[in-house]
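Q: Residue numbers (the numbering used here), protein chains in the order written: chain A, 17 to 142; chain B, 32 to 256. Positions of the beta carbon are idealized from the N, C-alpha and C atoms, including for glycine.
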Amino acid sequence: MKRLWFGVALMAVLLALGIFETMSMTKLTEPISDSLSQAVKAAQTAEWSQAEQLTQKAEEKWKTNWDFFSSMNHHGPMEEIDSQFARAEALLESRASAEFAACCARLAEMIRALGDAHVVNLRNLL
Amino acid sequence: MFLAYIRTIILYLILILVIRLMGKRQIGQMEPSEFVVTMLVANLAAIPIQDGSVPLLTGAVPLLTVLGLELLLAALSLRSILFRRLLCGKPVILIENGRILQENLRKTRITLDELSGHLREKDVLDPRAVQYAILETNGNLSVFPYPKEKPASAKDAGIQTRKQFLPVTIVSDGKLLSSNLKLAGKDENWVHKTLNAKGSTVSRTWLLTVDAGDQIIWYPREAGK
Numbered sequence: 017m018k019r020l021w022f023g024v025a026l027m028a029v030l031l032a033l034g035i036f037e038t039m040s041m042t043k044l045t046e047p048i049s050d051s052l053s054q055a056v057k058a059a060q061t062a063e064w065s066q067a068e069q070l071t072q073k074a075e076e077k078w079k080t081n082w083d084f085f086s087s088m089n090h091h092g093p094m095e096e097i098d099s100q101f102a103r104a105e106a107l108l109e110s111r112a113s114a115e116f117a118a119c120c121a122r123l124a125e126m127i128r129a130l131g132d133a134h135v136v137n138l139r140n141l142l
Numbered sequence: 032m033f034l035a036y037i038r039t040i041i042l043y044l045i046l047i048l049v050i051r052l053m054g055k056r057q058i059g060q061m062e063p064s065e066f067v068v069t070m071l072v073a074n075l076a077a078i079p080i081q082d083g084s085v086p087l088l089t090g091a092v093p094l095l096t097v098l099g100l101e102l103l104l105a106a107l108s109l110r111s112i113l114f115r116r117l118l119c120g121k122p123v124i125l126i127e128n129g130r131i132l133q134e135n136l137r138k139t140r141i142t143l144d145e146l147s148g149h150l151r152e153k154d155v156l157d158p159r160a161v162q163y164a165i166l167e168t169n170g171n172l173s174v175f176p177y178p179k180e181k182p183a184s185a186k187d188a189g190i191q192t193r194k195q196f197l198p199v200t201i202v203s204d205g206k207l208l209s210s211n212l213k214l215a216g217k218d219e220n221w222v223h224k225t226l227n228a229k230g231s232t233v234s235r236t237w238l239l240t241v242d243a244g245d246q247i248i249w250y251p252r253e254a255g256k
């Protein structure tokens with residue numbers, strides 16, 4: 017009987033952790049990718065201070081939750097996102113509008129994909 | 032992580048189904064679910080060990096999920112005969128009263144060569160000497176020769192045998208096992224007295240056992256060890 021309850025408890029804990037992880041990833045990645053999407057629009061209309069603010073906000077959120085993200089995701093995509101943030105910073109300083117917009121768009125997409133990879137849907141299951 | 036959890040459950044159930052459908056021959060000494068766990072656990076642990084960029088949780092969650100599933104299925108098997116049948120199948124008689132049941136051989140996909148091999152492993156050369164041969168759920172073949180084909184036991188020969196008792200280990204590798212002393216109904220004085228009679232001590236004894244009939248087995252430690 018003890019083994020049965022231990023098994024049930026273990027499966028329940030794992031299920032709860034899984035649900036928490038899925039919800040957290042979505043909740044944390046959406047604002048970051050939204051900020052970056054807005055930064056793209058700001059750069060395209062030459063509103064550089066707003067673009068800088070939004071990019072920094074996104075980067076700060078990314079760095080704050082970096083430990084959580086790295087415990088849930090492969091490190092390869094994480095490191096690529098880190099290097100893309102560094103690139104975005106450099107492009108922001110040089111005020112290269114088109115390259116900066118492309119870089120931020122790519123970053124937003126990568127972070128969105130990172131969050132989507134944890135959503136329980138048929139595509140991810142298969 | 033949640034996806035790893037769900038995928039592990041799906042793959043686990045698929046593996047059990049595949050092993051069950053493959054039949055008993057592949058399993059060896061294990062039940063189907065045990066075989067699946069054995070196969071999965073080693074591979075799952077290897078992934079985060081080999082690849083440092085893989086988060087530890089990616090390996091730990093599937094491992095724990097497999098453990099949880101195994102515990103659940105084992106507990107359900109204990110409680111439900113139907114579930115046990117579903118998970119493990121049931122034993123199949125291959126030889127009955129000296130006759131090989133060909134239909135059952137076909138069902139279990141055991142060839143005649145395999146059956147002969149299994150019989151030889153059990154020191155049986157003639158299937159007609161076998162009253163029952165049963166293919167168990169773990170893939171082992173249990174062989175029961177006719178009583179007249181079996182070696183005579185002491186009972187058959189009418190020989191009065193000594194009573195047999197389970198020996199209890201009192202000293203193991205120079206260490207006195209106090210909990211076993213109580214089990215054997217002895218005390219330390221008895222140990223020292225017994226070992227003194229053999230010219231030895233606890234630290235110089237490799238093995239000392241005693242049974243309910245006061246039969247002692249004693250081995251000294253070899254020099255230098």
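First and last residue of the alpha helix (DSSP H) that includes L226 (chain B)?
A: From DSSP, the alpha helix (DSSP H) with L226 (chain B) extends over 219–228.
Q: With E75 (chain A) as the anchor, note down where its alpha helix (DSSP H) starts and where it stops.
A: Run containing E75 (chain A): 64–80, per the alpha helix (DSSP H) assignment.
Q: Spell out a yes or no on whether the region 123–136 of chain B and the region 164–178 of chain B are touching, meaning 3 or more CB-CB pairs, one atom from each, closer than 8 Å.
A: As far as the Cβ criterion goes, the region 123–136 of chain B touches the region 164–178 of chain B, which means the pair count is three or higher.
Q: So, L33 (chain A) versus Q54 (chain A), is the Cβ gap smaller than 8 Å?
A: No, these two residues do not count as a Cβ contact at 8 Å.
Q: Assuming T96 (chain B) is part of the beta strand (DSSP E), what are its boundary residues?
A: Careful: T96 (chain B) lies outside any beta strand (DSSP E), inside the alpha helix (DSSP H) at 87–110.
Q: On the CB-based measure, 16 or more other CB atoms within 10 Å of its CB, does A117 (chain A) come out buried or exposed?
A: Buried, because 16 or more other Cβ atoms sit within 10 Å of the Cβ of A117 (chain A).
Q: With distance defined between alpha-carbon atoms, name the residue in B:A76, B:D245, B:L143 nearest to F196 (chain B).
A: Checking every option, the nearest Cα to that of F196 (chain B) belongs to B:D245.
Q: Check whether the Cβ atoms of L104 (chain B) and S64 (chain B) sit closer than 8 Å, and answer yes or no.
A: Result yes, Cβ atoms of L104 (chain B) and S64 (chain B) sit closer than 8 Å.
Q: In its own chain, which residues sit with a C-beta less than 8 Å from the C-beta of L207 (chain B), not counting the 5 before and 5 after it?
A: I201, E219, V222, V233, listed in sequence order.
Q: Name the residue from A:F85, A:H90, A:S49 whose alpha carbon lies nearest to the alpha carbon of Q72 (chain A).
A: Q72 (chain A) has its Cα closest to that of A:S49, out of A:F85, A:H90, A:S49.
Q: Can you check whether the CB of I247 (chain B) is closer than 8 Å to the CB of T225 (chain B)?
A: Going by C-beta atoms, T225 (chain B) is nearer than 8 Å to I247 (chain B).
Q: Output the boundary residues of the beta strand (DSSP E) element that contains V266 (chain B).
A: The requested residue 266 (chain B) is not part of the displayed model; chain B covers only 32 to 256.
Q: CB-CB under 7 Å to E68 (chain A), same chain, minus the five flanking residues each way: which ones, in chain order?
A: Correct list, in chain order: L108.
Q: Between the beta-carbon of H134 (chain A) and the beta-carbon of E37 (chain A), is there less than 8 Å?
A: In this structure, E37 (chain A) lies closer than 8 Å to H134 (chain A) by Cβ.
Q: Under the three-state reduction of DSSP, which class applies to V68 (chain B): helix, strand or coil?
A: Three-state DSSP puts V68 (chain B) in a helix.
Q: Write down the C-beta distance between R38 (chain B) and G120 (chain B) rounded to the nearest angstrom, noting that I regard them as a contact closer than 8 Å.
A: About 26 Å; that fails the 8 Å criterion.
Q: Listing by chain order, which chain A residues have their CB less than 7 Å from the CB of T96 (chain B)?
A: Result: L30.
Q: Please list, in chain order, the chain A residues whose beta carbon lies closer than 7 Å to that of G99 (chain B).
A: Simply G23, L26, M27, L30.
Q: Can you tell me whether V123 (chain B) is helix, strand or coil according to DSSP?
A: Reduced to three states, the DSSP call for V123 (chain B) is strand.
Q: Among the candidates B:H149, B:E62, B:I40, B:A243, whose CA atom is the shortest distance from the CA of L117 (chain B)?
A: Comparing Cα positions, the closest option is B:E62.
Q: DSSP three-state call for F84 (chain A): helix, strand or coil?
A: Looking at F84 (chain A) - three-state DSSP - the assignment turns out to be helix.
Q: A73 (chain B): which of B:V85, B:K213, B:A91 sits nearest, CA to CA?
A: The residue with the shortest Cα to Cα distance from A73 (chain B) is B:A91.
Q: Below 8 Å between beta carbons: does that hold for L239 (chain B) and L30 (chain A)?
A: In this structure, L30 (chain A) does not lie closer than 8 Å to L239 (chain B) by Cβ.
Q: Rounded to the nearest angstrom, how far is the Cβ of L88 (chain B) from that of M39 (chain A), given a contact under 8 Å?
A: That pair is no contact at about 16 Å.
Q: Name the residue from B:V85, B:T236, B:S231, B:L102 whose alpha carbon lies nearest to the alpha carbon of R25 (chain A).
A: Per the sequence shown, the amino acid found at residue 25 (chain A) is Ala instead of Arg. Among B:V85, B:T236, B:S231, B:L102, the Cα nearest to that of A25 (chain A) belongs to B:L102.
Q: Let me check one thing: in DSSP terms, what residues is I131 (chain B) bridge-paired to?
A: I131 (chain B) is bridged to B:I126.
Q: Out of B:I47, B:V85, B:E134, which one is the CA nearest neighbour of L100 (chain B)?
A: For L100 (chain B), the nearest C-alpha among the options comes from B:I47.
Q: What does DSSP give as the partner residue(s) for L166 (chain B) in the beta ladder?
A: According to DSSP, L166 (chain B) bridges with B:V123, B:L172.
Q: Roughly how many angstroms lie between the CA atoms of T192 (chain B) and N227 (chain B), to the nearest whole one?
A: Straight-line Cα distance between these residues: approximately 31 Å.
Q: Is the CB of I78 (chain B) under 8 Å away from at least one CB in chain A?
A: Output row for I78 (chain B): interface = no.
Q: Would you verify that the beta carbon of P86 (chain B) is, or is not, closer than 8 Å to some beta carbon of chain A?
A: Chain A, which has a Cβ nearer than 8 Å to the Cβ of P86 (chain B), makes this yes.
Q: By a C-beta neighbour count over all protein chains shown, 10 Å radius and 16 as the cutoff for buried, is A104 (chain A) buried or exposed?
A: Looking at its Cβ environment, which holds 16 or more other Cβ atoms inside 10 Å, A104 (chain A) is buried.
Q: If we ignore side chains and look at the alpha-carbon of each, how far apart do L75 (chain B) and V85 (chain B) end up?
A: C-alpha separation (whole angstroms): 12 Å.
Q: Quick one: using the 10 Å Cβ neighbour count with 16 as the cut-off for buried, is S51 (chain A) buried or exposed?
A: Buried.
Q: Does the ligand FMN have a heavy atom nearer than 7 Å to the CB of P86 (chain B)?
A: Looking for the ligand FMN in the displayed structure turns up nothing, as the structure carries no ligands at all.
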